[in-house]
Amino acid sequence: MLKINDLSKKFGDLQVLKNININAESGQIYGLVGSNGCGKTTLLKHIMNIYKSDGGYVDYDGNNVYENMDIIKDFYYVQDNLYFPYQYSLNKLFQYEKLMYQNISQEKFDDLTKFFNIDINKNLNKMSKGQRKQAAFVMAISAQPKVLLLDEIVDGLDAVIKRKFWEILIKEVMDREMTVIISSHDLKELDNICDKVGIMHEGKILREENLEKMKNETKRVQFAIDGEFKAVQSKEFILIKTVQIGSIYICTLTGNSKAFKEYLQNNYKLLLFDELSMNLEEIFITELGGVGYGTEQNKK
Amino acid sequence: MELNKIKSNFMPLLMNSIKGKRNWYFISTIIILVTTLLVPAILKADAEFFVFFGIVELFIIVYLNCLIDNSFLHSDSKLAYYLSKPASLKKLITVSIVSNLIFTCFLLFLSVISMIFHSLPDEIYYAYYLIIPWLITGIILSALSSVLTGNTIMAGLMTIFNFVLPWILYVIIMFVFSIVENIVLGFSADVLMETFTSVFYKLDYLYFIKYVEKGSFDIYYLLILIVIVAVLLFILSKCMKRRKNENTGNFMVFDGYKYFVSLLASLILPAAFTSMTPESGVTGKIFISIVLAVLSYYIIIAVLEKSFRISFFSIKLFAIFMMVFIIITSGTVLFANNNKNFVPKAEDVKMAYVGNNAYAIRQINSSINENKEVENPNDMEYHQYEKTALFKEIENIKSITELHKELLTNQNYGFEESYYSSNIVIAYWMKDGSYIIRSYKLNVDNENSDDGNKNKDLIAEKIINSKELKNIQYSYLYDENYYKNKTFYIDVVNNKNGDIVVKNMNLNNIREYLIKDVDDSFVKSDDAFRTLIYSDMFYGKEAIEVNENSYYLEIREETKNGVLYFNQIYLNDDFKNTKEFLNLK
């Protein structure tokens, strides 16, 4: 299990990470989502100890990663802004990384290059962005790490390749109990594969939960009543956001939606009440809206 | 077991790095062999020059390789890639250092092959006493500079900065001493620096220049090299641990190092300025130095921070640094001021010098320091030819202390000014082993210097007519021990047309007449003091009128290694007996 405890970091006067706490179980795909510039990449670099934290630590299976850097041999990090050594082909890169990753699998490498149809002798720096992402992904999976950190890995990939990526990733997680942390802005993609999600904003984790539980806890209802609805507070539910479109009200709430329905029945003449399903993107917007992000009004 | 496996990837990584350099090995081999072997062999040009040119190329190739190998530290994506692998930064840098050391050995081997091919003299190989440590420290410094900076060009500049850092400190110390020289009478920045570098700050050893001069190396050579390498590796290791990788892309990764460089660099310009304008007044110099220091600091900080808005912290740091600098300078000035009027008692002095040849005195003193005890310094090779007189007789030492006291109260002396003649050096080697040296600049005031001239001339006259000085100046006439194993020949030359009227006459034939003439000569000069400080203007040294009847002697010592030019005596009116013997008018 990968655990991040109270991780903090300042860049000069700017607090970029504030007491970050994350728990990613083995065999789990953890989605790290957040607003632009919230510190996702910085957090991943801290996990790899590329950046040194001001406070807090990263723990893997009970061992402090910062105190025992040999643990890092089980980690693999694919960064957003990919780099490959000068004039290296994928084959040459594999030979190079073979010097460092003891569990790297030639068989897996051969299978994956065929699966993604990559020319292993082509100069990596002459490949397209999508091909480079595939090459990096092939290397990451071939290295057979216990913890895989993927930063915007599907950014710029077509739907077919994305599907291939998830297929391989899920298989690896299931076969080898690998822990995966994916940072991405493509929430629809994450919605389909993540077990757990951490929502980041301005260097803080706003919410961390199993995706299913998160979906169950945050609900959206649409209703129509006779008269004007006035926002209310209750022990059983919390209204996060209410929008009126014509005579229909759409409310986002946490807590018990049945209790909210009962409240409406008791206080208004309820004409319509439907419970809508929430996806990750909606939960994300709701959570960030709760801290004022994206709620600014255009004055024009 | 698994851990050991990971640790053992050093050798494979090293091999991979060496393999990655195969193009460099190939192209460098061609460059070095063409420059050092082929070009001089085909063009029949000066092989020595081309071999040294090849060594300069070698330095450039190694320097570029180091910067390229460590450039992964200067790009966010490169750094993230390498640091995310199971090879620590320490291991990556070590691989780079070792790989470049091996590459350097290969290039050095090529240069040695060229030297052997051209059969260059053994002395040329002494240069390796310096080249090898410079390359080793250069490779480590390049790694260190790359760790300290966040940009490859800056890493290159800082490698040079760090390499010359001891010289930068030298320039700053010299700056402090030049302020002392300007404020305190009798202190010379050159002399102070010479003493400082010979006693404490031995740059010639630090840069291994001394071993090239010596042409040999000893245990200290290895010891110095080991200490330098150990210190650099220690600093490198500390910096690697503390590197702020998030600052990659900035000019400097460490704020502390940024300020260290800025503060030191801010003093270089004022130091250079003061050394270029030795004649200007002290107040103006200090004012301009402060202005230049502030300006330099601001510009350097603005460049390094890529902003013209300087932070309050930077200003505070500069103010503290300048305070410390002023305190150190003031302390040095105060210390010097307390000693400026000190003139030793003649009885306590073992040996004394007065003249204008500060360089010769520094050379003699460093010889004395190195040999610990010199029986007769006047016999030392250096001033056999320069005839720098070191006085041991109490009367002359007393005269020198009197002259010293006179100079402390009155620096006026009227004569035609020249740079050399207006600087006076007085040096004492004390019986307790200590050494005192003072330097005075004469105020050359022809109109108001009668008193100054009179006293100085009277004291100088006593010294220049002393038997001791004659003995020193003409050791081949007076010193039998010196003379007995040597052979001297004399040519008598016409002063107008250069015709040799007598050739290769043995000194034995004329020696007694010369002794008699020098014995009888007495310089009663109105400018005895000037004669004294021009140590080569004694008896028979002053140029005589150029006409058909004027002659001079060229005295040569013949040694196993051939004929050695030794001395020249103008036959003026004092040399009556000599001229009579030679049948000269």
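From first to last, the protein sequence lines stand for chains A and B. First residue of the first sequence: 302, per the working numbering; consecutive thereafter. First residue of the second sequence: 25, per the working numbering; consecutive thereafter. Idealized CB from N, CA, C, for every residue including glycine.
C-beta contact flag for asparagine 89/B and asparagine 124/B at 8 Å: Here residue 89/B refers to the residue found at position 65 when the second sequence is read from its first residue. Here residue 124/B refers to the residue found at position 100 when the second sequence is read from its first residue. Cβ atoms of asparagine 89/B and asparagine 124/B: closer than 8 Å.
Of all the CB atoms in chain B, is at least one closer than 8 Å to the CB of phenylalanine 438/A? By 1-based counting over the first sequence, the position of residue 438/A is 137. By this cut-off, phenylalanine 438/A is not an interface position.
Give a yes or no on whether the minimum CB-CB distance between leucine 394/A and chain B is below 8 Å. Here the question's residue 394/A lines up with position 93 in the first sequence. No, leucine 394/A does not count as interfacial toward chain B.
With a floor of 3 residues, list each beta strand (DSSP E) that falls wholly inside the segment 310-364 of chain A, ordered by position along the chain. 315-325, 330-335 and 356-361
Residue ranges of each alpha helix (DSSP H) within the segment 239-298 of chain B, 4 or longer: 243-266
Under 8 Å, with one C-beta from each stretch per pair, do the segment 133-145 of chain B and the segment 52-72 of chain B reach the 3-pair mark? yes
For aspartate 527/A, the first and last residue of its enclosing beta strand (DSSP E): Residue 527/A sits at position 226 when you count from the first residue of the first sequence. Looking at the DSSP string, the run of the beta strand (DSSP E) that includes aspartate 527/A is 519-527.
The segment 322-352 of chain A: positions lying closer than 7 Å to chain B by Cβ: Lys346, Met349, Ile351 and Tyr352
Quick one: is tyrosine 378/A buried, meaning 16 or more other Cβ sit within 10 Å of its Cβ, or exposed? Position 77 of the first sequence holds residue 378/A. Per the 10 Å Cβ criterion, buried.
Distance between leucine 341/B and lysine 330/B (C-alpha atoms, nearest Å): Locating residue 330/B in the second sequence gives position 306, counting from the first residue. Locating residue 341/B in the second sequence gives position 317, counting from the first residue. Looking at the two C-alpha atoms, the distance is approximately 18 Å.
Apart from the five residues on each side of it in sequence, which residues of its chain come closer than 6 Å, Cβ to Cβ, to aspartate 403/B? By one-based count along the second sequence, residue 403/B stands at place 379. With a pLDDT of 49 at aspartate 403/B, under the threshold of 50, the predicted position of this residue should be treated as unreliable, and no value is reported.
Who are the Cβ neighbours of threonine 511/B in its own chain at under 6 Å, not counting the five residues just before and after it? Residue mapping note: residue 511/B aligns to position 487 of the second sequence, counting from 1. Taken in chain order, the residues that qualify are Glu582.
Option nearest phenylalanine 278/B by Cα separation, candidates Gly313/A, Lys520/A, Ala525/A and Phe524/A: Counting from one through the second sequence, the residue named residue 278/B turns up at place 254. Ranking Gly313/A, Lys520/A, Ala525/A and Phe524/A by Cα distance to phenylalanine 278/B puts Gly313/A first.
For isoleucine 207/B, which residues from the same chain have a beta carbon less than 7 Å from its beta carbon, with the 5 sequence-adjacent residues on both sides left out? In the second sequence, residue 207/B corresponds to position 183, counting from 1. Only Val306 and Val357 meet the Cβ criterion.
Within the 8 Å Cβ cut-off, does asparagine 89/B reach chain E? Absent from the structure is chain E; the protein chains it does hold are A and B.
Looking at the structure shown, is aspartate 551/B part of a helix, part of a strand, or coil, going by DSSP? Translated into the one-based positions of the second sequence, residue 551/B becomes position 527. Three-state DSSP puts aspartate 551/B in coil, outside helix and strand.
Over the uninterrupted alpha helix (DSSP H) stretch that includes leucine 144/B, give me the two end residues. What you label residue 144/B is simply residue 120 of the second sequence in a count that begins at 1. Element bounds for leucine 144/B: n/a, residue is neither H nor E.
Neighbour list for glutamate 401/A in chain B, Cβ cutoff strictly below 7 Å: The count along the first sequence starts at 1 and reaches residue 401/A at position 100. Per the sequence shown, the amino acid found at residue 401/A is methionine instead of glutamate. Correct list: Asn33, Lys109, Pro110 and Ala111.
At a Cβ threshold of 8 Å, is proline 36/B touching chain A? Taking the second sequence and counting its residues from 1, one reaches residue 36/B at position 12. Chain A contact via Cβ: present.
Minimum Cβ-Cβ distance from lysine 340/B to chain A less than 8 Å: Here residue 340/B refers to the residue found at position 316 when the second sequence is read from its first residue. So no, lysine 340/B is outside the interface.
Identify, in the order they occur along the chain, each residue of the same chain with its Cβ nearer than 7 Å to the Cβ of leucine 581/A, setting aside the five sequence neighbours on each side. Position 280 of the first sequence, counted from the first residue, corresponds to residue 581/A. Closer than 7 Å at Cβ, skipping near neighbours: Leu488, Leu491, Asp492, Val498 and Leu512.
Please list, in chain order, all residues of the same chain as glutamine 408/B whose beta carbon is under 8 Å from its beta carbon, the five residues on each side excluded. Counting from 1 along the second sequence, the entry for residue 408/B is found at position 384. Low local confidence applies: a pLDDT of 45 at glutamine 408/B is under 50, so the model's placement there is unreliable, with the coordinate-based value given in what follows. Correct list, in chain order: Ser499.
Between the segment 453-461 of chain A and the segment 416-426 of chain A, do three or more beta carbon pairs fall short of 8 Å? no
Is there a Cβ of chain B sitting closer than 8 Å to that of methionine 370/A, yes or no? On the first sequence, position 69 is the one that residue 370/A refers to. By this cut-off, methionine 370/A is an interface position.
Own chain partners of lysine 423/A with C-beta closer than 7 Å, once the 5 adjacent residues on each side are dropped: In the first sequence, the residue the question calls residue 423/A occupies position 122. Once the five neighbours on either side are set aside, the close Cβ partners of lysine 423/A are Ser390.
DSSP bridge partner residues for tryptophan 453/B (one or two, in chain order): Here the question's residue 453/B lines up with position 429 in the second sequence. Tryptophan 453/B is bridged to Met375/B and Tyr459/B.
Along chain A, which residues have their Cβ under 8 Å away from the Cβ of aspartate 100/B? As a working mapping, residue 100/B is identified with position 76 in the second sequence. Here the neighbours are Asn382.
Assigned secondary structure, threonine 480/A (DSSP; H/G/I helix, E/B strand, else coil): Walking along the first sequence from the start, residue 480/A turns up at place 179. Strand.
Against chain B, does phenylalanine 312/A count as a neighbour if the rule is that its beta carbon must be under 8 Å from one of theirs? By one-based count along the first sequence, residue 312/A stands at place 11. True, the Cβ-Cβ gap to chain B drops below 8 Å.
Thinking C-beta only, is threonine 221/B closer than 8 Å to leucine 134/B? Locating residue 134/B in the second sequence gives position 110, counting from the first residue. Locating residue 221/B in the second sequence gives position 197, counting from the first residue. Not in contact: leucine 134/B and threonine 221/B (Cβ atoms no closer than 8 Å).
Unbroken beta strand (DSSP E) run spanning phenylalanine 511/B, endpoints: Taking the second sequence and counting its residues from 1, one reaches residue 511/B at position 487. The question names phenylalanine, yet the displayed sequence has threonine at residue 511/B. 511-518 is the span of the beta strand (DSSP E), which, as asked, contains threonine 511/B.
Proximity of serine 641/B and methionine 370/A at Cβ, strictly below 8 Å: Nothing in the structure corresponds to residue 641/B, since chain B is present only between 25 and 609.
With 7 Å as the limit, tell me which residues of the segment 247-276 of chain B have their beta carbon closer than that to any beta carbon of chain A; keep them in chain order. Asn269 and Glu270
Does any CB atom of chain A fall closer than 8 Å to the CB of methionine 25/B? As a first step, residue 25/B is located in the second sequence; it is residue number 1 there, counting from the start. Below a pLDDT of 50, predicted positions are generally treated as unreliable, and methionine 25/B, at 41, falls in that range; no measurement from the model is reported.
In chain order, what residues of the same chain have a beta carbon less than 6 Å from the beta carbon of tyrosine 507/B, not counting five sequence neighbours either side? The residue you call residue 507/B lines up with position 483 of the second sequence. If we look at tyrosine 507/B and ignore the five residues flanking it on each side, its Cβ neighbours are Tyr500.
Opening and closing residue of the beta strand (DSSP E) in which histidine 428/B lies: Mapped onto the second sequence, residue 428/B falls at position 404. It is not in any beta strand (DSSP E) - histidine 428/B instead sits in the alpha helix (DSSP H) that spans 418-433.
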